[in-house]
Every structure is written in C-alpha cells, then in structure tokens.
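So the structure is just underneath, and the comments pick up after that.
Residue numbers (my numbering), protein chains in the order written: chain B, 920 to 1148; chain C, 920 to 1148.
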C-alpha cells in the first residue's frame, strides 16, 4: 500500500501545503461552516500523522495526537473516541488521497501501457525521499494492525480494490485496443500485479535487499514487449 | 518441534506441515536434560510465541512472556535483556524453522518446476487452518516492526534471501535443463516471485479480497505452459 510518490511530491504530507482539500465531503457546501468543519478534520488528521511519525502505532496514545493538535483538545475528543478511531479516520483520509493520486496518474497517461507504468511508479518510485519513505513505513505499520482491527482492514480493502480495479480496467482497455493479447485474464493480472507491488513495497522497508529495482524492471520490460510488437 | 529447530545438523524432519509461519510449538518429545541450553532456549521461544499470539507485538511485555514460561523466570531474564531481544531470538528461531521447510520442499520435489510449485504452496497454502493463519498474522505483525528495528530487519533479510536464492537456483536449473527459456533472468525472476508471494500473503491477512487464489493460479498456469511445451 502506498501513499508516496516522488513523481508529483504529493504524498501523505502533514504540512497541508500539498493537500488540495479535495478529500472533503462535497455536501459540506450546504453546512453552516463547511470550511471550519473540514479544516478541523484535516488538522486532526495531520496531527495524527505527525504523532504516528514520532511514536509509531505501538507507542501511540490519543494524548500524543492531542499534543500535535493546535486547536482546542476538546474538538479532537468531540470528533474521535479512541486511538483506533483516529487511526481509522486517518486511513480513510490517506486512502482518499492515494485514490486521488491514482485518478491523476490515470488522467495524465496516454494509453493503457502508460497507465500501468504510472501505477508502478506511483507504488514503487525508483527513488524515495525521506518524507515519502517515512509515510510508507507508517502505512505498513498500520497495515500490519489490520490483521486484528476490522476498521483498518476495511480501509486497506477499499484502497487495494481501487488500485486492482484500475489495473484491470487498463488491461481490459489494452486488450480491446489490441495492445495486449486477447487471451489475457485482466482480473487475474490485476490481482497478480497488485500482490507484486504490495510485496515489493513491504520488502523495501522491512529487509535490506533491493527488490524494487528488479520488480520495476521486470514489469517495465514486460510492457515494453507489448509496445514494441 | 524441539527437533530441527536449530536449523541444521540433526537432519530431523520437521512436522511436515508445509505452511509458512508454521512456528507453532509442537509436542516436546525430547527427553534431553531439561537444563540443556538448547531446550531452555526452545522453551523460551515457545513461551514468546504463545505470548505474542495472545497479546500481539504492541501490547506484549517481557512479563507476558515470563508468564508463559514454565521454568524459573530467572532463566529467561538471564538469557534475554528485553522484549525486542526476545522477539529477535524468536524470529531467528522461526526463520530456521521456515528454512528447514524450504529444504524439505526442495528435497521432495522432482524437478525445478516441482520445486517452484512447492515454494508457492509453502508460502500461499490454498487452505489455511486457524493455527497457521494465526502464526502468519503474528509474523506480519513483527515484519511491520522491522521498519524500525534493525535486528528484526536482519532476520527478515535472511529469510527472504534464502527463499529468493532457492527460487533463483530452481530457475537456473530449469534453464540448464531446457525447461525454461534461455533468455530468462533467474535473479530478476527470483526477486519478482518473492515480491509476489510476500504481497499475496500480506493481503491475505490485511484485506478482504482473495488474492491468494488468483496469484496461485497465475503462477501454476505459467509453470504449466513450460511443462506442456
């Protein structure tokens, strides 16, 4: 799972400057103080991110998050009941942001092969600055907690599903336009590529040997074959 | 499982349950002196496993492990200084066991294709009983901690490297015997397959959608092609 891309430098960035704000619910426009409501939530999520960066999931407490929150603590406690409640909210926020990045990558790509290449680069950037690496490590920490916390699992299911469906769509488009062979099973390819990307990211941050480079190379070389044909 | 847990030398068969994360303590049929260093260590590791199963990494304390340890607590504190010290020991123990299973799978396989199939089945068993599922979840929990704990990272690097090297060896054997095409890059295939297996296992336990079945199917179907040729 990823929320990092050095491609546009637009990761799960706690500074707020890279956050466009389009993760806010659209129907806020009818509420009394939509910007305030949305801003409070974004500020809470950014505080959660900073607290997670500092403490990691195992050591994190709600008071750590409150310490990072600049507004009245009561606002935070009003919106969220527990540490896992805050983390579930954070994963939803980070997931929306990741899905935004997928949308953008898809819009920017010229064709199915370009879309697949963009997804690989989004998930497994050839280079990773420290900010993005830290964000990915944090997400992996939370992903491991999804083995026992259903709300985290739900968010990772949603995020995985989005990426897999987009891979499937790109492969189907490629089959339709004759770039990929007609006997390819887009669903199976989607699951396979998603597993490969997820595993390479896991290994990037939890073991020494570089698997990202060979995995990127294999996928790009495979795509080259179709383009050259 | 006091048999074979020292990794090499005694040639005693493991329990034959070919599933990754099979770190569950089995019946201790060993009649050796209870004061034997190795037996004490095995008992400590089994206590660590039980405590991890119950509490998970985040909540685990040394006293939880001591509670699961049947012998004098002072023995435990004599051997290990901290929670992470115990966990690093446990990962080494579990890693040795996993490597034993790879050895066994390799010995039992008839040819390179059979070896690769066995590794897939070892990592991504089509069915997983609750004991094995719990063991894999526990390992993933610890793997996520490897992002920040160098000793855990070292153990996962060792385990990953063993599996990758065996995949590479099998692919090289397949190229040498003409089963696989000569232009295959065994190193790249090894990294790629390892990433795919790791990612599918991660997703199996942290998201709802089944990726294990399609990933198994894709790999076995790909291998079928070479066998049929």
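Note that the Cβ used here is the ideal one computed from N, Cα and C, for glycine as well.
Cutting at 8 Å between CB atoms, please list the residues of its own chain near residue i, excluding the five before and the five after it.
i: residue 1021(C); result: 1038, 1041, 1081, 1082, 1085
i: residue 963(B); result: 984, 988, 994, 995, 998, 999, 1005, 1008
i: residue 1125(C); result: 1059
i: residue 970(C); result: 979, 983, 984, 986, 987
i: residue 1101(C); result: 1094
i: residue 1139(C); result: 1036, 1039
Return the residue from the list the options that minimises the CA-CA distance to residue i.
i: residue 1013(C); options: 1062(C), 1094(C), 1132(C), 974(C); result: 1062(C)
i: residue 1146(B); options: 1112(B), 1126(B), 1093(B), 1067(B); result: 1093(B)
i: residue 1090(C); options: 1127(C), 1109(C), 1065(C), 976(C); result: 1109(C)
i: residue 1078(C); options: 1064(B), 1122(B), 1055(B); result: 1122(B)
i: residue 1046(B); options: 1056(B), 1102(B), 1131(B); result: 1131(B)
i: residue 1070(C); options: 1135(C), 1142(C), 1011(C); result: 1011(C)
i: residue 1068(B); options: 970(C), 969(C), 1104(C), 977(C); result: 977(C)
i: residue 1074(B); options: 1138(B), 1056(B), 1018(B); result: 1018(B)
i: residue 1149(C); options: 972(C), 1032(C), 1056(C); result: Since the first and last residues shown for chain C are 920 and 1148, residue 1149(C) lies out of range.
i: residue 1105(C); options: 1028(C), 972(C), 961(C), 1035(C); result: 1035(C)
i: residue 1065(C); options: 1056(B), 1066(B), 1065(B), 1095(B); result: 1056(B)
i: residue 1050(C); options: 1023(C), 968(C), 1139(C); result: 968(C)
i: residue 1096(B); options: 1030(B), 1139(B), 991(B), 1143(B); result: 1030(B)
i: residue 1025(C); options: 1052(C), 1054(C), 1088(C), 1015(C); result: 1088(C)
i: residue 1052(C); options: 1072(C), 972(C), 1016(C); result: 972(C)
i: residue 965(B); options: 1117(B), 1023(B), 1054(B); result: 1054(B)
CB-CB under 6 Å to residue i, same chain, minus the five flanking residues each way: which ones, in chain order?
i: residue 981(C); result: 1002
i: residue 993(B); result: none
i: residue 1112(C); result: 1086
i: residue 1167(B); result: This structure leaves residue 1167(B) out entirely; chain B is present only between 920 and 1148.
i: residue 974(C); result: 983
i: residue 945(B); result: Reliability of the predicted coordinates at residue 945(B) is poor, the pLDDT of 41 falling under 50, and the value obtained from them is presented with this limitation in mind. Closer than 6 Å at Cβ, skipping near neighbours: no residue.
i: residue 1143(B); result: none
i: residue 940(B); result: Caution is warranted here: a pLDDT of 35 is assigned to residue 940(B), below 50, making its placement in the model unreliable, and the coordinate value is therefore given only provisionally. No residues qualify anywhere along the chain.
Determine, using beta carbons only, whether residue i comes closer than 8 Å to chain E.
i: residue 1111(C); result: In summary, chain E is missing from the structure at hand, where the protein chains are B and C.
Tell me, to the nearest whole angstrom, how far the beta carbon of residue i is from that of residue j; I am working on the premise that it is less than 8 Å.
i: residue 1076(B); j: residue 1128(C); result: 6 Å
i: residue 959(C); j: residue 990(C); result: 7 Å
Cutting at 7 Å between CB atoms, please list the residues of its own chain near residue i, excluding the five before and the five after it.
i: residue 1099(C); result: 1090, 1093, 1145
i: residue 1134(C); result: 1043, 1115, 1119
i: residue 1103(C); result: 1090, 1094
i: residue 1137(C); result: none
i: residue 1028(C); result: 1034, 1037
i: residue 1072(B); result: 1065
Note to self: Output needed in chain order: residues of the stretch 1129-1148 of chain C with a Cβ under 7 Å from some Cβ in chain B.
What the structure shows: The residues in question are 1130, 1133, 1134, 1136, 1137.
Query raised in the report: the stretch 977-1001 of chain B: which residues have C-beta closer than 7 Å to a C-beta of chain C, in chain order?
Result: Those residues of the stretch 977-1001 of chain B that come within reach of chain C (Cβ to Cβ, closer than 7 Å) are 977.
- Please list the residues of the stretch 1074-1105 of chain B that have a C-beta atom closer than 7 Å to any C-beta atom in chain C, keeping them in chain order. Against chain C - using a Cβ distance shorter than 7 Å - the residues of the stretch 1074-1105 of chain B are 1075, 1076, 1079, 1080.
Under 7 Å (Cβ pairs) to chain B, residues found in the stretch 1058-1074 of chain C:
Going along the stretch 1058-1074 of chain C in chain order, one finds 1059, 1060, 1062, 1063, 1065, 1066, 1067, 1072 with a Cβ nearer than 7 Å to chain B.
Inset, instruction - Could you run through the stretch 1015-1038 of chain C and flag, in chain order, every residue whose CB is less than 8 Å away from some CB of chain B? - result: Going along the stretch 1015-1038 of chain C in chain order, one finds no residue with a Cβ nearer than 8 Å to chain B.
Which residues, in chain order, does the stretch 1044-1055 of chain B contribute to contact with chain C at a C-beta distance below 7 Å? None of the residues of the stretch 1044-1055 of chain B has a beta carbon lying less than 7 Å from any beta carbon of chain C.
task: With 9 Å as the limit, tell me which residues of the stretch 1115-1130 of chain B have their beta carbon closer than that to any beta carbon of chain C; keep them in chain order.
output: Sequence-ordered contacts of the stretch 1115-1130 of chain B with chain C read 1115, 1116, 1117, 1118, 1119, 1120, 1121, 1122, 1124, 1125, 1126, 1127, 1128, 1129, 1130 [C-beta pairs closer than 9 Å].
Could you please tell me which residues of the stretch 964-975 of chain C, in chain order, have their CB closer than 8 Å to any CB of chain B? When C-beta distances to chain B are compared with 8 Å, the residues of the stretch 964-975 of chain C below that value are 975, in chain order.
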